[in-house]
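These protein sequences, in sequence, are chains A and B. When we follow the working numbering, the leftmost residue of the first sequence carries the number 1, and every step to the right adds one. When we follow the working numbering, the leftmost residue of the second sequence carries the number 327, and every step to the right adds one. Backbone N, C-alpha and C fix where the C-beta goes; we use that ideal spot for every residue, glycine too. Single-structure report; data block below.
Number of protein chains: 2
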Amino acid sequence: MTVSIKDVALAAGVSVATVSRALAKGPVSAALKAKVEAAIAATGYRPNLSARRLRSRHSDTIGLIVSDIRNPFFTAVSRAVEDVAYQAGMRVILCNTDENPDKEAMYLRLMQEERVTGVIFAATRATAETLDAEALGFPVVLIDRAAPGGAADAVVLDNAAAAGLLVSHLREQGHSRIGGLFGNTSSTGAERHAGFAAALAQAGLAAPARFVAPTAEAAQQAVSAWLAEAEAPRALVISNGLLLLGAMRAVRALGLELPRQLALAGFDNDSWTELAGPGLTVIEQPVDEIGRAAMAMLLERLEQPQRSTRKVVLTGRLVVRGSSLA
Amino acid sequence: MTVSIKDVALAAGVSVATVSRALAKGPVSAALKAKVEAAIAATGYRPNLSARRLRSRHSDTIGLIVSDIRNPFFTAVSRAVEDVAYQAGMRVILCNTDENPDKEAMYLRLMQEERVTGVIFAATRATAETLDAEALGFPVVLIDRAAPGGAADAVVLDNAAAAGLLVSHLREQGHSRIGGLFGNTSSTGAERHAGFAAALAQAGLAAPARFVAPTAEAAQQAVSAWLAEAEAPRALVISNGLLLLGAMRAVRALGLELPRQLALAGFDNDSWTELAGPGLTVIEQPVDEIGRAAMAMLLERLEQPQRSTRKVVLTGRLVVRGSSLA
DNA sequence: ATGAAAGCGCTAACAA
DNA sequence: TTGTTAGCGCTTTCAT
């Protein structure tokens, strides 16, 4: 039925050890190696990775746990991670948690059962706070959101600075009634809010903010309601690409003209932001770099399990488009 | 070091078989089951999935091979597939081929080595034509693109009809100089072109068409060049979401006003299409249904390996927006 | 350089 | 219901 290394050995007239060595590029004479290769071709043999992992005790697999792969930010990061991983001979298991702590716990358990080499993880705040990398049995690199107190390695954006960049830009365009919309499950939302609030405080301005579930629908609803109020902001900072999508839908539904009636600026240079309305002003995250840096940190951590945790902080780039211009 | 079922058995004072049964919800008395669970908690035991797969001879894993997860169509399909799969207790391996036949071959080999239960595969035309599901050793369900002659199960859109829908719509809006842009690597592009050409032929009109690599960049370039020509079309049908993105960038770069100077209609109701310009008229694919149907077909095929191959043809829905209105 | 043999952690006969 | 035992296919000593 299924052909094993034993069948190959038999067909080649060598021992299973020799076949294994030939496969692993170990010390095998050219003559035997040729015989083995012929036998593999003749039998149609394919190594069984489960057996290999069981015996060799390394899975060469990393887990990538994100909230939702439909978010273009995570899609882009995951492509970068996968490309690097496959080049390094590692597989990637991708999981979507929908920002649900129960699912996060479930997938972390799965990662243990898969005996993964390591995990790259965009955790909710709740999980990041209680994460115990020691107990998990594999290294974890957090992306997008960091753990408090440097409990784990992390690759993040300088969220506060980026939010400040957006506020400064809107101020330069003459805005003073600036509101902010943020996600309520991640530390990222909190950090961006902090930067937003600090920048406005420094300017002596109020910093009205709202927090919503991290979905386009929630954002659309929140923005619609907010803009209908008497003291509605004239400019809006939106904390991520998903929320920005919802905000933009609200703007369209209300028939508002950007930037005349409302200035809009947000996070994530998703491909559509350049095409919507007059183009949306956004903070571009270095998504490829985030993926690469996370993989690199994971590999470093594997080599030096004891070194102290690090946080790589990357800088966002302000992309100015029509939605925020005076 | 790593705790195995043996350690649990020892701690619980039972045999390894009893632990295994307790884990598999086999016949175990409540008393022993409690002891086992206590021992698992005490030891922090986690089953080793590699060992389980090796011994049980089923991986409970399905492979999902797409061209590029950054394409929102595949992102959406993959989410649907994963949700169904995880509910059915299966894990998913996701691979990106970038429409590269070498990568396709490599990942199919990987699937064999993982001893996957089955594969859902968006193949290039080249690979679909030579696909031999028998030799692979696992069932394959093609998505988005079918194999000629029904060589494998498939879930596809009625591409020709959908393209016809777009042409009819543009005709109704009074257009007669209608051009089409299609991808050059997939059967999907070919089918959409066929439907496009047939619909225009029936109307007694010319059907100028161009074929490009399936990237936004190639589309942008092709559209820019085409619209600069003397006999440029006044309406454009674009074969998928990625190409549509490129086309839209070209439109913006040229400063064209939709739909006054150019009518635009295409495939894939990606979230941005409602926000770009006056909103883009598109064919919406039932992405969730595609994912679900593919998983369902895979499971059916596993139960009935011998039944003849089937092709599930789903219907696209025309979503009319401003980009194509007279 | 090659082979014999042990055993990774688990499930599935088979016995009891 | 429970325990004993034989492998699943592979890598890795340990000999030779």
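What residues in its chain sit with their C-beta under 8 Å from that of residue i, if we drop five residues either side in the sequence?
| i | result |
| --- | --- |
| residue 165/A | 283, 316 and 318 |
| residue 305/A | 139 |
| residue 451/B | 471, 511, 512, 513 and 516 |
| residue 248/A | 264, 276, 277 and 280 |
| residue 398/B | 567, 594, 596 and 597 |
| residue 527/B | 533 |
| residue 89/A | 60 |
| residue 646/B | 495 and 607 |
Run through chain B and tell me which residues come within less than 7 Å of residue i, C-beta to C-beta.
| i | result |
| --- | --- |
| residue 49/A | 439 and 440 |
Taking 6 Å as the limit between beta carbons, can you name the residues of its chain near residue i, skipping five residues before and five after?
| i | result |
| --- | --- |
| residue 160/A | 191, 194 and 195 |
| residue 604/B | 584, 648 and 649 |
| residue 111/A | 63 and 119 |
| residue 297/A | 141 and 153 |
| residue 564/B | 507, 570, 573 and 592 |
| residue 576/B | 546, 549 and 550 |
| residue 430/B | 423 and 453 |
| residue 121/A | 65, 140 and 142 |
| residue 291/A | 77, 80 and 81 |
| residue 286/A | 314 |
| residue 562/B | 505 and 590 |
| residue 421/B | 391 and 433 |
| residue 197/A | 207 |
| residue 400/B | 392 |
Where does residue i land, buried or exposed, given buried means 16+ other C-beta within 10 angstroms?
| i | result |
| --- | --- |
| residue 132/A | exposed |
| residue 456/B | exposed |
| residue 384/B | exposed |
| residue 27/A | exposed |
| residue 302/A | exposed |
| residue 664/B | Only positions 327 to 652 of chain B appear in the structure, and residue 664/B is not among them; the question remains open. |
| residue 102/A | exposed |
| residue 228/A | exposed |
| residue 233/A | buried |
| residue 313/A | exposed |
| residue 474/B | exposed |
| residue 381/B | exposed |
| residue 404/B | buried |
| residue 359/B | buried |
| residue 50/A | buried |
| residue 350/B | exposed |
| residue 371/A | Chain A is shown from 1 up to 326; residue 371/A falls before or after that span and cannot be answered. |
| residue 274/A | buried |
Under 7 Å between beta-carbons, which chain A residues line up against residue i? List them in chain order, please.
| i | result |
| --- | --- |
| residue 408/B | 96 |
So residue i contacts chain B; which residues on that side make the cut at Cβ distance below 8 Å?
| i | result |
| --- | --- |
| residue 24/A | By Cβ distance, chain B contributes nothing, its closest Cβ being about 14 Å from residue 24/A, past 8 Å. |
| residue 54/A | 374, 376, 377 and 380 |
| residue 42/A | Simply none; closest approach about 14 Å. |
Taking Cβ-Cβ distances shorter than 9 Å, what residues in chain A pair up with residue i?
| i | result |
| --- | --- |
| residue 405/B | 68, 69, 70 and 96 |
So, at 7 Å on beta carbons, what are the nonlocal neighbours of residue i in its own chain, with the 5 sequence-adjacent residues on each side left out?
| i | result |
| --- | --- |
| residue 43/A | 3, 7, 8 and 11 |
| residue 16/A | 5, 6 and 9 |
| residue 173/A | 263, 324, 325 and 326 |
| residue 99/A | 67, 124, 185 and 214 |
| residue 346/B | 331 |
Report whether the distance from the Cβ of residue i to the nearest heavy atom of the ligand COA is below 7 Å.
| i | result |
| --- | --- |
| residue 599/B | The model depicted lacks the ligand COA and carries no ligand whatsoever. |
Show which residues of chain B have a CB atom less than 9 Å away from the CB atom of residue i.
| i | result |
| --- | --- |
| residue 93/A | 417, 418, 419 and 420 |
| residue 76/A | 396 |
I want to verify the contact list: residues of chain A whose CB lies under 8 Å from the CB of residue i, in sequence order.
| i | result |
| --- | --- |
| residue 620/B | Per Cβ cutoff of 8 Å: no residues; residue 620/B is ~17 Å from chain A at best. |
Inset, instruction - Taking a Cβ distance cut-off of 8 Å, strictly less, list which residues of the region 548–580 of chain B are near chain A, in chain order. - result: 571, 574, 575 and 578
Inset, instruction - Would you list, in sequence order, the uninterrupted alpha helix (DSSP H) runs of no fewer than 4 residues that lie entirely inside the region 378–418 of chain B? - result: 398–413
Legend entry - Chain-ordered residues of the region 59–74 of chain A with a beta carbon less than 8 Å from chain B: 59, 68, 69, 70 and 72
Inset, instruction - Scan the region 264–278 of chain A for residues whose Cβ lies nearer than 9 Å to a Cβ of chain B and list them as they occur along the chain. - result: 270, 271, 272, 273, 274, 275, 276 and 277
Inset, instruction - Would you mind listing the beta strand (DSSP E) stretches within the region 454–518 of chain B that are 3+ residues and don't spill past its ends, in chain order? - result: 466–469, 479–483 and 504–509
Legend entry - Proximal residues, the region 121–148 of chain A versus chain B, C-beta separation under 7 Å: none
Inset, instruction - Tell me the start and end of each unbroken alpha helix (DSSP H) in the region 542–611 of chain B that is at least 4 residues and wholly inside, in chain order. - result: 542–553 and 567–580
Inset, instruction - May I have a chain-ordered list of the beta strand (DSSP E) segments no shorter than 3 residues that lie completely inside the region 417–448 of chain B? - result: 417–422 and 444–447
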